[in-house]
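Quick mapping for you: the protein sequence lines, in order, are chains A and B.
Going by UniProt numbering, the residue at position 29 of the first sequence is 29; the numbering climbs one at a time, nothing skipped.
Going by UniProt numbering, the residue at position 61 of the second sequence is 61; the numbering climbs one at a time, nothing skipped.
Using N, Cα and C, we set each Cβ at its ideal position, and we do this for glycine too.
2 protein chains.
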Amino acid sequence: MSQKTDFDLQNFLPYLLNQAAEESSLAFQKVYKDRYGMLRTEWRVLFHLGIYGRMSAKEIGQRSKMHKTKISRAVARLEERRFLTRQASEEDRRLEYLQLTQQGQAAYRDLLEVAERYDSQLTAALTPEEVVGLRALLRKLAGMG
Amino acid sequence: MSQKTDFDLQNFLPYLLNQAAEESSLAFQKVYKDRYGMLRTEWRVLFHLGIYGRMSAKEIGQRSKMHKTKISRAVARLEERRFLTRQASEEDRRLEYLQLTQQGQAAYRDLLEVAERYDSQLTAALTPEEVVGLRALLRKLAGMG
DNA sequence: TGTTAATAGTTGTTTTTGTAACTAACAACG
DNA sequence: CGTTGTTAGTTACAAAAACAACTATTAACA
Chain A
1 MSQKTDFDLQ
11 NFLPYLLNQA
21 AEESSLAFQK
31 VYKDRYGMLR
41 TEWRVLFHLG
51 IYGRMSAKEI
61 GQRSKMHKTK
71 ISRAVARLEE
81 RRFLTRQASE
91 EDRRLEYLQL
101 TQQGQAAYRD
111 LLEVAERYDS
121 QLTAALTPEE
131 VVGLRALLRK
141 LAGMG
Chain B
1 MSQKTDFDLQ
11 NFLPYLLNQA
21 AEESSLAFQK
31 VYKDRYGMLR
41 TEWRVLFHLG
51 IYGRMSAKEI
61 GQRSKMHKTK
71 ISRAVARLEE
81 RRFLTRQASE
91 EDRRLEYLQL
101 TQQGQAAYRD
111 LLEVAERYDS
121 QLTAALTPEE
131 VVGLRALLRK
141 LAGMG
């Protein structure tokens, strides 16, 4: 009655990528949620500021491809919780520069360590060449060339 | 002040997987959304029934790892729109067997074709070996062995 | 200039999701 | 049997995301 083709959902790249993404985020998500009450958008903003330093919401948007409303709300929550501060730009008063507070830096460093350990754990089952190849392919698929 | 490590967000597997998953789903999402008003959960249920034939919500849950409330709501919406019907099981009246209607089959076949074309398009930039390897690695990461 | 368009970011409203509590049916075992 | 536990699925309520409309500021250019 069905099974008209041999199409396998588990080979369909968008599906497979989603499953892998969800599964591989689970344990890390638990850490930033339990430890700091953060959402995915929030740890992303935190990491952008931690890695690249002071920058505007616009720049975060360009790098992460998150929608500006997501960023705006993540920034608001991070500010409430004293993880970052804003300073209006002098040249262009539409812009606000964001930067981590001491507390934000501390949270970033803590989560950075978790992320590094987590990543090695994930890739432990793969050979170094596989890891390099996988990342390259994912970057290609993600349009990050 | 920052940049204390050389950690690169764009190499962090959970992040990278998410970006690739989102980017690679975009165009396909547009099709099932525009053409049938479906959500991701809904096309997934549709495909499970289209590929594997009549089955219960529970089985869909086991195969897809979607939470039962997601499935319950997707099934309700697909039923409303006459894409599937339910029949209570005789042996166990907690179970409901789901199967696609004519209309559901038609939608499935249509989207199947789109999915197949879309997948080849996505993988066109890669060599066949890369594709095979990528899928294997993703299955490993997704816990689908 | 002054008028129109574009940009950075926010807010309001609607959808969708997550979580927990619930119903109904079955199972296990005294 | 009857009590307790488990399972399939639904529903209610809270949290989060999507989308559109908004404010404030800057840019473009007649």
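How about residue i and residue j: are their beta carbons less than 7 angstroms apart?
| i | j | result |
| --- | --- | --- |
| A:LEU13 | B:LEU16 | no |
| B:VAL45 | B:ALA76 | no |
| A:GLU23 | B:GLY143 | yes |
| A:ASN11 | B:ALA21 | no |
| A:ARG82 | A:GLN105 | no |
| A:LEU95 | A:SER56 | yes |
| B:TYR36 | B:ALA107 | yes |
| A:GLU42 | A:LEU78 | yes |
| B:LEU112 | A:PHE7 | yes |
| B:THR123 | B:VAL131 | yes |
Using a Cβ-Cβ cut-off of 7 angstroms, state whether residue i counts as contacting chain B.
| i | result |
| --- | --- |
| A:ALA142 | yes |
| A:PHE83 | no |
| A:ARG135 | yes |
| A:ASP119 | yes |
| A:ALA57 | no |
| A:GLN87 | no |
| A:LEU46 | no |
| A:SER2 | Reliability of the predicted coordinates at A:SER2 is poor, the pLDDT of 49 falling under 50, and no value is obtained from them. |
| A:LEU78 | no |
Residues in the same chain with beta-carbon distance under 8 angstroms from residue i, minus the five sequence neighbours each way, listed in chain order, please.
| i | result |
| --- | --- |
| A:GLY53 | GLN99 |
| B:LYS68 | ALA57, LYS58, GLY61 |
| A:PHE28 | VAL114, ALA115, TYR118 |
| A:LYS33 | LEU39 |
| B:SER63 | According to the sequence displayed, residue 63 of chain B carries Arg and not Ser. Once the five neighbours on either side are set aside, the close Cβ partners of B:ARG63 are HIS48, TYR52. |
| A:SER89 | SER56, LEU95, GLU96, TYR97 |
| B:GLU110 | A small correction: the amino acid at residue 110 of chain B is Asp; Glu does not occupy that position in the sequence shown. Counting only Cβ-Cβ distances below 8 angstroms, and skipping sequence neighbours, we find ARG35. |
| A:THR101 | ARG82, PHE83, LEU84, THR85 |
| A:GLY50 | LEU100, GLY104, GLN105, TYR108, ARG109, LEU112 |
| A:LEU141 | LEU13, LEU17 |
Shorter than 6 angstroms, the distance from the beta carbon of residue i to the closest heavy atom of the ligand SAM, or not?
| i | result |
| --- | --- |
| A:ASN18 | The ligand content of the structure shown is nil, which means the ligand SAM is not present either. |
Beta-carbon of residue i versus every beta-carbon of chain A: anything under 7 angstroms?
| i | result |
| --- | --- |
| B:GLU42 | no |
| B:GLN19 | yes |
| B:SER25 | yes |
| B:ASP34 | no |
| B:ASP6 | no |
| B:LEU39 | no |
| B:ALA115 | yes |
| B:PRO128 | no |
| B:VAL132 | no |
| B:LEU111 | no |
| B:LEU122 | yes |
| B:LEU98 | no |
| B:LEU9 | yes |
| B:LEU95 | no |
By Cβ distance, which residues of its chain are closer than 6 angstroms to residue i, with the 5 residues on each side in sequence left out?
| i | result |
| --- | --- |
| A:SER2 | Here A:SER2 scores only 49 on pLDDT, less than 50, and its place in the model is too uncertain to base an answer on. |
| B:ILE71 | ALA57, ILE60, GLY61 |
| A:GLN87 | TYR97 |
| A:VAL31 | VAL114 |
Give me, in chain order, the residues of the same chain whose beta-carbon lies closer than 7 angstroms to that of residue i; leave out the 5 immediate sequence neighbours on both sides.
| i | result |
| --- | --- |
| A:LEU9 | TYR15 |
Write down every uninterrupted run of the alpha helix (DSSP H) in the UniProt domain "HTH marR-type" (10–143) of chain B whose length is 4 residues or greater and which is fully enclosed by it, in chain order. You should have 13–36, 40–52, 57–64, 68–80, 102–123, 128–141.
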